[in-house]
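There are 2 protein chains.
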Amino acid sequence: MQKEGTDIVFVPSDDEMYPPGFVSWVGVEKVTERLEGASRPGHFRGVATVVAKLFNIVQPTSAYFGQKDAQQVAVIRRMVADLNMGIEIVVVPTMRESDGLAMSSRNIYLNPEERRAATILFKALTLAQRLWWSGEGDAEKIRRQMAALIREEHLAQIDYVSIADAETLEELDLLDRPALASLAVKIGKARLIDNMPLK
Amino acid sequence: MQKEGTDIVFVPSDDEMYPPGFVSWVGVEKVTERLEGASRPGHFRGVATVVAKLFNIVQPTSAYFGQKDAQQVAVIRRMVADLNMGIEIVVVPTMRESDGLAMSSRNIYLNPEERRAATILFKALTLAQRLWWSGEGDAEKIRRQMAALIREEHLAQIDYVSIADAETLEELDLLDRPALASLAVKIGKARLIDNMPLK
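Heads up: the protein sequence lines correspond to chains A and R, in order. Counting in our numbering, the first sequence runs from 475 upward without gaps. Counting in our numbering, the second sequence runs from 475 upward without gaps.
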């Protein structure tokens, strides 16, 4: 704790958070149904509920979440606005290895060859960003070029490649508003996710 | 407001509470599935959500709800406990006419004959209370006697007669814990509800 510059860490047990008879849930529709939500049904209901509980217990003025889990940020922002929680949500940039790979506890599942292949996620995202910077406004063209690049890496298997509205995460046709480029790619047994705001 | 001894009344519009893009809901399972919840799907999801929003906006130390809507009280108590809202829920006794009929905006739909017949709800509840006071511990026997009494009133049509756990609203076999006697009865076009704690 001292090493991290932290005064207090609150680590409640499951039993404390979900005692017998627990039956209340916070559900966020729409933004939870896509991307990560599509492959993990119920996941964001659990996230929204536990975050609502922690907000009520801690009563923070601001709360910090990582950009790496961009959909989680979108869900929590939506919940805070819809339920009038009055908490500032601050997004912390994704930490990356020197070759661009987003830091993640899942990276330990990669063998050396897979670890090298895993850089394809960052490469695809920077490609998206470059295309967008250069004025490309057709989201499908960007998705297609990202997918083509990833397919050149034979250890990579695409789960999804998305160019979506940054707030609702609805897939975009035109890049006419703040957007999020995101992807999920399987490298060996590890399913990796990463994203980059286009705004 | 002054007449009621109230300093502030907060009456937000629908548009203010549910702006475009609103997609977050608080759902309480189990206790919402019985009694009123069974005949009004989604009703308690709306109640829990708007109460959660009002709690976040107003940030009260205590909130007051009428005993008349006993299931609503049970749902809100469950939500407050499960989501760590830290708000004291105070129950206000049901206001009754001199003949026992619970005051309700729906009572205006009763013609004079129906108005007289409507006292059957209070009579059935006081019968339940008398049986319980006299030591009757078999919930089904009490339900049967209440139903028999109500059927003597030919203008009354039973929707449900319940002797349930006061907290979870699960129907009881034995009266071995705090219970709630409740009923919904149609008198003419009006569907009336009432209840009495057995504790």
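Using N, Cα and C, we set each Cβ at its ideal position, and we do this for glycine too.
CB residue i to CB residue j, shorter than 8 Å?
i	j	result
A:A640	A:K673	yes
A:V502	A:A522	yes
A:V564	A:V505	no
R:L595	R:D668	yes
R:A664	R:L599	no
A:A655	A:M670	yes
R:V500	A:V500	yes
A:A592	A:I661	yes
A:P529	A:M559	First, the amino acid is wrong: residue 529 of chain A is Phe here, not Pro. Contact: yes.
A:Y538	A:V566	yes
R:S579	R:E562	no
R:L666	R:A613	no
A:S513	A:D650	no
Using the beta-carbon count (16 or more within 10 Å), is residue i buried or exposed?
i	result
A:W607	exposed
R:E510	buried
A:Q476	exposed
A:I582	exposed
R:I616	buried
R:I624	buried
R:F484	exposed
R:M553	buried
A:L648	exposed
R:E627	buried
A:A630	buried
R:R508	buried
A:L620	Checking the sequence, you will find Met at residue 620 of chain A rather than Leu. Flag for A:M620 reads buried.
R:Q533	exposed
R:A653	buried
R:A602	buried
My output table needs one value for residue i: the three-state DSSP class, helix, strand or coil.
i	result
A:E562	strand
R:R514	coil
A:A598	helix
R:A682	The structure shown does not extend to residue 682 of chain R, since chain R is modelled only from 475 to 673, so the question has no answer here.
R:N581	helix
A:F529	helix
A:L648	strand
R:V659	strand
A:G520	helix
A:R508	coil
A:L679	Examination of residue 679 of chain A is not possible in this model, given that chain A is present from 475 through 673 alone.
List the endpoints of the continuous beta strand (DSSP E) containing residue i.
i	result
R:Q631	630-639
R:V500	498-502
R:M569	Taken as a continuous stretch (DSSP letters only), R:M569 belongs to no beta strand (DSSP E), as it is neither H nor E.
R:D668	664-672
A:A576	From DSSP, A:A576 is part of no beta strand (DSSP E); its letter is neither H nor E.
R:G609	Here R:G609 belongs to no beta strand (DSSP E), and DSSP marks it neither H nor E.
A:F484	Element bounds for A:F484: n/a, residue is neither H nor E.
R:G540	536-540
Starting from residue i, follow the alpha helix (DSSP H) in both directions and report where the run begins and ends.
i	result
R:A622	613-625
A:P586	586-591
A:I550	544-556
R:E490	488-491
Within 8 Å (strictly less), CB to CB, does residue i reach chain B?
i	result
A:L646	Looking at the structure shown, chain B is missing, and the protein chains on hand are A and R.
Comparing the CB of residue i with every heavy atom of the ligand GDP, is any distance shorter than 7 Å?
i	result
A:R508	The ligand GDP is absent from the structure shown, which contains no ligand whatsoever.
Checklist line | contact_flag[the stretch 482-489 of chain A, the stretch 537-546 of chain R] where n(CB pairs < 8 Å) is 3 or more | finding: no
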